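Reading the sequence shown from the start, the letters are residues 1 to 368 in full-length UniProt numbering. All C-beta atoms in this analysis are idealised placements derived from N, C-alpha and C, irrespective of residue type, glycine included. Quick caveat, the model's predicted, so the values are computed rather than measured. Following: one structure in structure tokens, then a few remarks.
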Amino acid sequence: MGYMNIYLRVRKTIAVRVKNSCTVQDLKTKYQDVEDIPERHQLFFVGKQLEVGSTKLAQYGIKNGSTVDIFDQSQAPIKIYIKRTQDIERISLDVSKSDSIHDVKARIQFMEGSPTNDFAIVYGGKHLEDSKTLSDYSIQSGSTLYLLDIKKIFVFLPTGEKIELEVQRWHTVENVKAMVESMAEVQTKEQILTLDGRHLEDGRKLSEYNINKGSKLHLIQGMEMVVLTNEGNIVVTMGSSDTVGHMKEKILEKKGIPVYDQILLFNMEQLDDAETLSYYGIDRGSELLLVINTTMQIFVRSPRGNTLSFFVQRADTIKDLKLQIEEKEKIPFGKLKLIYEGKLLKDVYTLAECNIQKESNLHLHVYF
């Protein structure tokens, strides 16, 4: 079996001695061993690409003294197109498959003046990483890549701290909350984001709120919950570690309902003031029921030294209370005088107006 000399031309021409029966695969293996040439290189003879496999060189007309070109496909110039989502026209770029995404961004920056960190490139639904090459993403000649503008917005935390986020117009409010959680360690479920005082809903896109570069959002830490009452709903913002007692104080601030008059129910279970909301599994959007306890127990100390107990309403008058005393003690109504905190109580006033609260102690005087 005879041998022949052929020449391989890359950046330089090298001579390789092979058998007459040598295949394209044999030749490729031989020159890779000799010159450490990467696998991605292709073989060409008189302009025709040689298919790697069992095809013999002789079938391509390669004989002793022939020159085979080795060509790096990744260095071949290709034309790609760049399109911004909001634009109709595309721009074309002549690039190589070995160019990195960062190289492409730099070309775009040179052409348009947009800093490379102000936009992202998307192809096939994927965000392209700066360090990867066009070849890594199998981007071919004629491919269209899309530019997405990156907007820098600011989120002000309850502590006064300001964090900067890079977002895109199609991001949702929930996406922004996830970014905030990663930077500020505030759980997404305990975040309420506002823009100009308006609460932002999780499923809505930033573009729906006209959030643009430089927009300032404010973070309220807590979860919005709804308290149902006979007179309408009360929305309160709480943290999962807040206690039921703390929630009652919030209701007092909003509606003026005394804490001791509030009975809170969740899933028909009465809540203990000392327990946290998380203990009961109360979360964002939970609905609680508020029952207002209008009955309270008070005490009246008689002249004989014994203490009388009465269940009354805050809207009851002093006269109503005296009538209860008359019925229980058989003392005529007109002879009764009630004292609270050193003051003589007038019949026409209500217990609430006299600031008489649950378990208050009154003193009874009897005049004959």
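query = Alpha carbon to alpha carbon, what distance is there between residue 26 and residue 57?
reply = For this step, residue 57 is matched to residue 57 along the sequence shown. For this step, residue 26 is matched to residue 26 along the sequence shown. In a straight line, the C-alpha of residue 57 is about 10 Å away from that of residue 26.
ask   = Should residue 100 be flagged as near chain B, meaning a C-beta pair shorter than 7 Å?
value = Absent from the structure: chain B. Only one protein chain is present.
key: Selected residue, minimal CA-CA separation from residue 249, among 259, 240, 241, 201   = Taking the sequence shown and counting its residues from 1, one reaches residue 249 at position 249. Checked all of 259, 240, 241, 201; the closest Cα to residue 249 is 259.
request  = Run the CB neighbour count on residue 120, radius 10 Å, all protein chains shown included, and call it buried at 16 or more, exposed below.
outcome  = Counted from its first residue, the sequence shown places residue 120 at position 120. The residue is buried, with at least 16 neighbouring Cβ atoms inside 10 Å.
request  = Let me know the secondary structure DSSP gives residue 319 once reduced to three states.
outcome  = In the sequence shown, residue 319 corresponds to position 319, counting from 1. Helix at residue 319.
query = Rounded C-beta distance between residue 189 and residue 223? I'm assuming under 8 Å.
reply = Numbered from 1 along the sequence shown, position 189 holds the residue referred to as residue 189. Numbered from 1 along the sequence shown, position 223 holds the residue referred to as residue 223. Right, their Cβ atoms sit about 6 Å apart.
request  = To the nearest angstrom, report how far apart residue 158 and residue 220 are at their CA atoms.
outcome  = Numbered from 1 along the sequence shown, position 158 holds the residue referred to as residue 158. Numbered from 1 along the sequence shown, position 220 holds the residue referred to as residue 220. Those two C-alpha atoms are separated by around 6 Å.
key: Residues bridged to residue 268 (per DSSP)   = Taking the first residue of the sequence shown as position 1, residue 268 is located at position 268. None; residue 268 has no bridge partner.
query = With a Cβ-Cβ cutoff of 7 Å, do residue 128 and residue 107 count as a contact?
reply = Mapped onto the sequence shown, residue 128 falls at position 128. Mapped onto the sequence shown, residue 107 falls at position 107. Against a cut-off of 7 Å, the Cβ pair of residue 107 and residue 128 comes out as no contact.
request  = On the DSSP bridge assignment, give the partners of residue 163 in chain order.
outcome  = By 1-based counting over the sequence shown, the position of residue 163 is 163. Bridge partners of residue 163: 155.
query = Looking at the unbroken beta strand (DSSP E) that takes in residue 232, where does it start and where does it end?
reply = For the purposes of this step, residue 232 is taken as the residue at position 232 of the sequence shown. Segment 232 to 238, the beta strand (DSSP E) holding residue 232.
ask   = Which residue's Cα is closest to the Cα of residue 17: 61, 66, 54?
value = What you label residue 17 is simply residue 17 of the sequence shown in a count that begins at 1. Residue 17 has its Cα closest to that of 66, out of 61, 66, 54.
query = alpha helix (DSSP H) containing residue 246: first to last residue?
reply = Along the sequence shown, one-based indexing puts residue 246 at 246. Note, residue 246: alpha helix (DSSP H), 244 to 255.
query = First and last residue of the beta strand (DSSP E) that includes residue 42?
reply = Your numbering for residue 42 matches position 42 in the sequence shown. From DSSP, the beta strand (DSSP E) with residue 42 extends over 41 to 45.
query = Measuring CA to CA, which of 328, 147, 101 is closest to residue 88?
reply = Against the sequence shown, residue 88 aligns to sequence position 88. The shortest Cα separation from residue 88 among 328, 147, 101 belongs to 147.
Cβ-Cβ distance between residue 130 and residue 101 below 7 Å = Along the sequence shown, read from residue 1 onward, the residue named residue 130 stands at position 130. Along the sequence shown, read from residue 1 onward, the residue named residue 101 stands at position 101. Yes.
query = Once you ignore the five residues that flank residue 49 on each side, which residues in its own chain have a CB closer than 8 Å to its CB?
reply = Counted from its first residue, the sequence shown places residue 49 at position 49. For residue 49, where only same-chain residues beyond five positions count, the Cβ hits under 8 Å are 42, 43.
query = Taking residue 244 as the reference, which of 363, 267, 254, 272 has the closest Cα?
reply = Taking the sequence shown and counting its residues from 1, the one referred to as residue 244 is at position 244. Nearest option by C-alpha distance: 272.
request  = Would you please state the rounded distance, in angstroms, between the beta carbons of residue 207 and residue 169? I believe it to be under 8 Å.
outcome  = Start at 1 with the first residue of the sequence shown, and residue 207 comes out as number 207. Start at 1 with the first residue of the sequence shown, and residue 169 comes out as number 169. For a cut-off of 8 Å, the C-beta gap from residue 207 to residue 169 is around 4 Å, short enough to register as a contact.
Buried/exposed call for residue 225, threshold 16 Cβ in 10 Å = Residue numbering aside, residue 225 sits at position 225 when the sequence shown is read from its first letter. Residue 225 comes out buried.
query = Between residue 90 and residue 83, is the Cβ-Cβ spacing less than 7 Å?
reply = Here residue 90 is taken as the residue at index 90 of the sequence shown, counted from 1. Here residue 83 is taken as the residue at index 83 of the sequence shown, counted from 1. Contact flag set, yes.
query = Based on the DSSP secondary-structure assignment, which residues constitute the bridge partners of residue 355?
reply = Within the sequence shown, the letter at position 355 stands for residue 355. In DSSP, residue 355 forms no bridge with anything.
task = Return the bridge partner residues of residue 224 from the DSSP annotation.
result = Working through the sequence shown from its first residue, we reach residue 224 at position 224. Partner(s): 237.
task = Spatial neighbours of residue 183 within its chain, please: CB distance less than 6 Å, with the 5 preceding and 5 following residues excluded, ordered by chain position.
result = As a working mapping, residue 183 is identified with position 183 in the sequence shown. If we look at residue 183 and ignore the five residues flanking it on each side, its Cβ neighbours are 163.
ask   = If you compare alpha carbons, which of 345, 61, 14, 257 is closest to residue 231?
value = By one-based count along the sequence shown, residue 231 stands at place 231. Taking only the C-alpha atoms, the option nearest residue 231 is 257.
inquiry  = Tell me which residue opens and which closes the beta strand (DSSP E) that residue 106 is part of.
reply    = Here residue 106 is taken as the residue at index 106 of the sequence shown, counted from 1. Counting along the chain, residue 106 falls outside any beta strand (DSSP E), though it belongs to the alpha helix (DSSP H) covering 101 to 112.
inquiry  = Using a 10 Å radius around the Cβ and a threshold of 16 neighbouring Cβ atoms, would you call residue 325 buried or exposed?
reply    = The sequence position of residue 325 within the sequence shown is 325, counting from 1. Buried, because 16 or more other Cβ atoms sit within 10 Å of the Cβ of residue 325.
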